[in-house]
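> Let me give you the structure first, and then I'll get to my questions.
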Amino acid sequence: MFEIGQTRTRRIEADDPLLDTTASDLALPLGPSAASRSFSPLRSRRARILVIALVAGLGIGAMEEAARLSGTPELERLARFAGFGIDQVALEGHRMSFDGEIFDAMDLGNVRTFAALDSAAVKARIERLPWIDTAELSRVYPGRLEVRVTERTPYALWSRADRRYLIDKTGRVLAAVSGEALPDLPRFAGEGAASEAASLMETVARYPAIASRLAEAERVSERRWTLRLTNGSTLVLPADNEVGALEMVSRDAELLGLVNAGGKSLDFRGPGRVAVRNEDNGTGPGAAPGAGS
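First residue of the sequence shown? That's 10 in the numbering used here, and the numbers climb one at a time after it.
As structure tokens, this is what we get:
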């Protein structure tokens, strides 16, 4: 029923009455002293075409509004017969989304005319698809519907239970991914991590020594973060003062040395101190001095 991406045009045929109009037919009286004056044939032809287009547009609008309000099959069939059916659909801008998903969201099996097309509802359904950010619908007479979408950009990998997902910057899940083909993106884990990932990354980015080694950030109890670095070090951040803990590491040469050495766990949750342990066996020097969180 639908032709995808094809273009149909409609031309004025050679025997159209508009093209057979003579100059004398186009003379318009302007008053008692204007018997010999007339518009040029080209201007008058354009004016008549504009009038016809205006009348046709008003007629189309009236018919479509009546069909929309009544919802009767008879008026829908009349709209299709009059050339107001949706005969062509063109999709543009999608790479990760499937054509079928977008067509399903448009409900084209039931929506056969522009009168029955609820553009706002269709736009909302399309934008609920995982990869779709925005959707715009355009009508091209007589029967072509153009749909242009923009897709979301993968921002990070989120691990939840035994599954991994691509998420965008807002935390929206885009797709599940296998462990064999993981893209080079920041990694997060734990319940609640997806929606808070971008905020954490903006904070960590201010501390290059940590940001450059961040392997994974785990959200714990949906309250706080544990940062795991590529050299085996772990930073256990407090729930209410993440910036304070990161500032302490960046400004304290002793703490920064422990982080850079690798294999250490630095726990900033205790007030007035930092608990330092070896990651491999849980033993270490105990507490390092410093202002707690």
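The beta carbon of each residue, even a glycine, is placed where N, CA and C say it ideally should be.
Classify R169 as helix, strand or coil using the three-state DSSP reduction.
Stepping through the sequence shown from its first residue, residue 169 is reached at position 160. Looking at R169 - three-state DSSP - the assignment turns out to be strand.
> Between L175 and V158, which are expected to be in contact by the criterion C-beta below 8 Å, what is the C-beta distance as a whole number of angstroms?
Taking the sequence shown and counting its residues from 1, one reaches residue 175 at position 166. Taking the sequence shown and counting its residues from 1, one reaches residue 158 at position 149. The pair is not a contact, with the Cβ atoms about 18 Å apart (cut-off 8 Å).
> Three-state secondary structure (DSSP) at D142?
For the purposes of this step, residue 142 is identified with residue 133 of the sequence shown, where counting begins at 1. Reduced to three states, the DSSP call for D142 is strand.
> With a 10 Å radius around its C-beta and 16 neighbouring C-beta atoms as the bar for buried, classify Y150 as buried or exposed.
By 1-based counting over the sequence shown, the position of residue 150 is 141. It counts as exposed.
> What residues are listed by DSSP as bridge partners for F197?
The residue labelled residue 197 in the question sits at position 188 within the sequence shown. The partner list for F197 (beta bridge, DSSP) reads W167 and A226.
> Name, in chain order, the residues that DSSP records as bridge partners for Y174.
Taking the sequence shown and counting its residues from 1, one reaches residue 174 at position 165. Note: Y174 sits in a beta bridge opposite W167 and A185.
> Classify K178: buried if its beta carbon has 16 or more other beta carbons within 10 angstroms, exposed otherwise.
As a first step, residue 178 must be located in the sequence shown, where it is residue number 169. It is exposed - the Cβ of K178 has fewer than 16 other Cβ atoms within 10 Å.
> If distances are taken between C-alpha atoms only, which option among N287, A206 and D142 comes closest to V268?
Against the sequence shown, residue 268 aligns to sequence position 259. Closest by alpha carbon: N287.
> Helix, strand or coil for T239? Go by DSSP, reduced to three states.
The residue given as residue 239 occupies position 230 in the sequence shown. It is coil, neither helix nor strand.
> To which residues of the same chain is G272 closer than 8 Å at the C-beta, ignoring the five residues directly before and after it?
Position 263 of the sequence shown, counted from the first residue, corresponds to residue 272. Closer than 8 Å at Cβ, skipping near neighbours: N240, G241, S242, N287, E288 and D289.
> Relative to the C-alpha of D249, which candidate in S221, P280 and L275 has its C-alpha closest?
One-based indexing of the sequence shown puts residue 249 at position 240. Ranking the options by Cα distance to D249, first place goes to P280.
> Mapping DSSP to helix, strand and coil, what is T122?
Locating residue 122 in the sequence shown gives position 113, where the first residue counts as 1. DSSP places T122 in strand when its eight states are reduced to three.
> Where does the unbroken beta strand (DSSP E) through D276 begin, and where does it stop?
Locating residue 276 in the sequence shown gives position 267, counting from the first residue. Start and end: K273 to D276.
> Quick check on the burial criterion: 16 or more other C-beta atoms within 10 angstroms. Buried or exposed for R137?
Walking along the sequence shown from the start, residue 137 turns up at place 128. R137 should be labelled exposed.
> What would DSSP say about A129, mapped onto helix, strand or coil?
Against the sequence shown, residue 129 aligns to sequence position 120. Of the three classes helix, strand and coil, the one that applies to A129 here is helix, per DSSP.
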